[in-house]
Amino acid sequence: MAFSLGKLMGSGIFGVYADKSGRRRTFIIGIILQILSGPASALVPWFWGYMGLRWITGLSSAAVGYSSLTILTEVSGSRHRQWLGIAFNAGYPIGTAILAGLAYQFRDWRNLQMAISLGSLLLIIHACLMPESPRWLITQNRREEARKIIEKYYGPVPTTPVPMSMSSDQRNNKQNGIHEEKKENFIQRNMKSLRILFSNSELRKRLIIMYLSWLTSSLSYYAIALNADNFTDNHYLYVLIMGFTEIPAYIIPSIILMFLGRRAAGSLLYILGAVCLLCILAIPQDLTGAIMGVALTGRFTLSAVYGIVILYTSELFPTVARNSAVGTSCVMAHVGTIIAPYVSDLLGSVAWWAPSTICGSLALVSGILCLGLPETRGRGLADTVEEETGEGRENTSFKKCFPFYSGNKEFQPSSNN
């Protein structure tokens with residue numbers, strides 16, 4: 099619980115902080131906190147001290163994870179962005195499988211905590227090699243730094259200014275609520291990205307849909323996983339199998355995205371997961387094997403859609419507020435993580451079918467709403483709100499939530515990457 103609360107708060111705090119102070123700085127702060135709090139939590143003798151350190155570890159995990167994802171998204175081209183995003187998320191099931199092996203080897207929780215924490219030292223190498231996002235630097239009018247980073251990896255670039263004059267930069271920054279000369283306190287600066295997102299009606303609609311999507315994915319994923327005690331006594335084997343079986347769930351989206359856009363792929367997987375979870379209502383309670391098989395199939399599809407949702411969120415918002423959008427969406431995911439035990443244990447004890455029905459219903463609503471979002475496949479990332487919502491860009495329309503009308507090409511295969 100303390101770790102999840104830390105990730106929840108860290109996603110919001112560091113998501114906004116990264117938009118104001120940089121993705122790389124946020125990443126380094128997260129590494130420092132993680133390296134210090136992880137081993138300390140294995141040594142502290144007090145319960146509340148342990149809880150506090152786990153909370154800090156959650157904060158650091160959010161800072162490291164979502165700042166690195168944002169950098170990955172902003173430096174990759176549209177052709178490679180989808181499989182790089184999927185590969186990034188594939189680290190989760192691999193880590194789950196490794197955790198099962200470590201837990202089997204180190205039965206004492208302190209030794210296990212120390213073994214897990216020492217792996218954070220590898221992130222120091224990552225920090226030394228990872229540059230700041232050139233896109234973020236340009237939005238902050240730090241063009242020379244951006245040019246040096248681009249030249250380091252891609253060779254010399256023309257010395258002519260980026261096709262956006264200084265006056266245009268200042269105009270866009272003013273419209274987006276970014277006043278570079280104004281001195282503000284920490285809270286004021288960090289709230290600006292959120293104001294950018296919520297003050298624009300188009301971005302606000304996108305954000306609300308993504309909030310529901312992230313919450314649904316996380317809630318369903320953990321609520322179903324918490325039923326492990328009902329059908330197995332070998333927790334090590336279960337976690338190992340769960341990790342390995344999830345790896346295909348992160349590969350499948352990359353295959354689906356070869357034929358469908360982000361919008362159609364996300365909606366399809368949400369609806370498939372909803373069908374699986376709602377079908378449990380038709381299975382007799384005594385057929386536990388069938389119930390678990392269908393439930394795990396639903397969990398599999400919702401694991402697959404999670405990678406698409408993360409990628410989709412990072413592409414739906416402009417650079418000036420992208421990390422805030424991803425970070426605050428992650429907050430909603432951790433809300434789902436926190437309430438999952440209560441949905442599984444409290445509601446499940448009253449009605450065994452309630453958890454799957456709630457998760458299936460939310461997945462169905464998320465799948466339908468995703469159809470209303472604009473497609474981002476194959477298009478470049480926007481840096482400002484004006485670029486993202488201006489002429490030539492597709493906007494959110496809930497009329498598209500009913501895709502099976504003539505002229506809708508969303509579910510047709512395409513050769514574009």
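All residue numbers for the sequence shown refer to our numbering, where the first residue is 99 and numbers rise by one.
For each residue, glycine too, the CB sits at the ideal point set by N, CA and C.
Alpha carbon of residue i to alpha carbon of residue j, nearest angstrom
i: I339; j: G253; result: 45 Å
i: F204; j: L134; result: 21 Å
i: P346; j: Y368; result: 17 Å
i: S109; j: Q383; result: 39 Å
i: A160; j: A213; result: 20 Å
i: T474; j: I378; result: 34 Å
i: L313; j: A402; result: 15 Å
i: S165; j: W450; result: 39 Å
i: S218; j: L103; result: 20 Å
i: I236; j: G391; result: 50 Å
i: L462; j: A372; result: 5 Å
i: L376; j: G488; result: 40 Å
i: L295; j: A388; result: 44 Å
i: R122; j: A380; result: 50 Å
i: R177; j: T171; result: 11 Å
i: N421; j: L385; result: 45 Å
i: I456; j: Y251; result: 48 Å
i: F125; j: K246; result: 20 Å
i: K303; j: A438; result: 26 Å
i: Q132; j: R179; result: 27 Å
i: S119; j: S231; result: 11 Å
i: E484; j: D117; result: 17 Å
i: L221; j: V162; result: 9 Å
i: F112; j: Y190; result: 21 Å
i: R360; j: F145; result: 44 Å
i: F398; j: R241; result: 44 Å
i: M99; j: V448; result: 23 Å
i: M228; j: A431; result: 27 Å
i: L292; j: K105; result: 18 Å
Unbroken alpha helix (DSSP H) run spanning residue i, endpoints
i: S159; result: F145 to V173
i: N209; result: W207 to L216
i: R302; result: S299 to A323
i: N421; result: R420 to Y440
i: M356; result: From DSSP, M356 is part of no alpha helix (DSSP H); its letter is neither H nor E.
i: T455; result: A452 to C468
i: G199; result: G189 to Q203
i: I381; result: Neither: I381 is in no alpha helix (DSSP H) and is coded neither H nor E.
i: L220; result: Run containing L220: none; DSSP gives neither H nor E here.
i: R241; result: R241 to Y252
Neighbour-count burial assignment, residue i, 16 or more Cβ in a 10 Å radius
i: I223; result: exposed
i: M308; result: buried
i: P143; result: exposed
i: L567; result: There is no way to answer for residue 567, as the model of the chain reaches only from 99 to 515.
i: P261; result: Bear in mind that the predicted position of P261 carries a pLDDT of just 47, short of 50, making it unreliable; the figure below should be weighed with that in mind. With fewer than 16 other Cβ atoms within 10 Å, it is exposed.
i: W207; result: exposed
i: S265; result: Residue confidence is low: S265 scores 43 on pLDDT, short of 50, so the model does not pin down where it sits. No coordinate-derived value is stated.
i: K290; result: buried
i: G183; result: buried
i: W153; result: buried
i: N209; result: exposed
Close-in-space but distant-in-sequence residues of the same chain around residue i (CB under 7 Å, 5 per side omitted)
i: Y334; result: A198, A201 and Y202
i: P453; result: A321, V441, S442, L445 and G446
i: A195; result: L338, G341 and F342
i: M107; result: L157
i: T411; result: M308, A423, V424 and S427
i: S263; result: Since pLDDT at S263 reaches only 40, below the 50 mark, its modelled position is unreliable, and no value is offered.
i: G370; result: The residue asked about is misnamed: residue 370 is Leu in this sequence, not Gly. Counting only Cβ-Cβ distances below 7 Å, and skipping sequence neighbours, we find T399.
Where residue i falls: helix, strand or coil (DSSP)
i: R179; result: helix
i: R293; result: helix
i: S446; result: According to the sequence provided, residue 446 is Gly. The question's Ser does not apply to it. Helix at G446.
i: D117; result: helix
i: M340; result: helix
i: A480; result: coil
i: P232; result: helix
i: R397; result: helix
i: T474; result: coil
i: M107; result: helix
i: F101; result: helix
i: Q132; result: helix
i: G364; result: helix
i: P416; result: coil
i: F112; result: helix
i: V142; result: coil
Close-in-space but distant-in-sequence residues of the same chain around residue i (CB under 6 Å, 5 per side omitted)
i: N187; result: Y348 and G405
i: H277; result: Its pLDDT being 44, under 50, H277 is placed unreliably in this model, and the coordinates cannot settle the point.
i: F415; result: A423
i: L460; result: T314
i: N271; result: Only weak support is given to the placement of N271: the predicted model assigns it a pLDDT of 49, under 50, and the value that follows is read from those uncertain coordinates. Nothing listed; no residue qualifies.
Own chain partners of residue i with C-beta closer than 8 Å, once the 5 adjacent residues on each side are dropped
i: Y393; result: The identity of residue 393 in the sequence shown is Ala, whereas the question assumes Tyr. Counting only Cβ-Cβ distances below 8 Å, and skipping sequence neighbours, we find I322, N325, C374, L375, I378 and S454.
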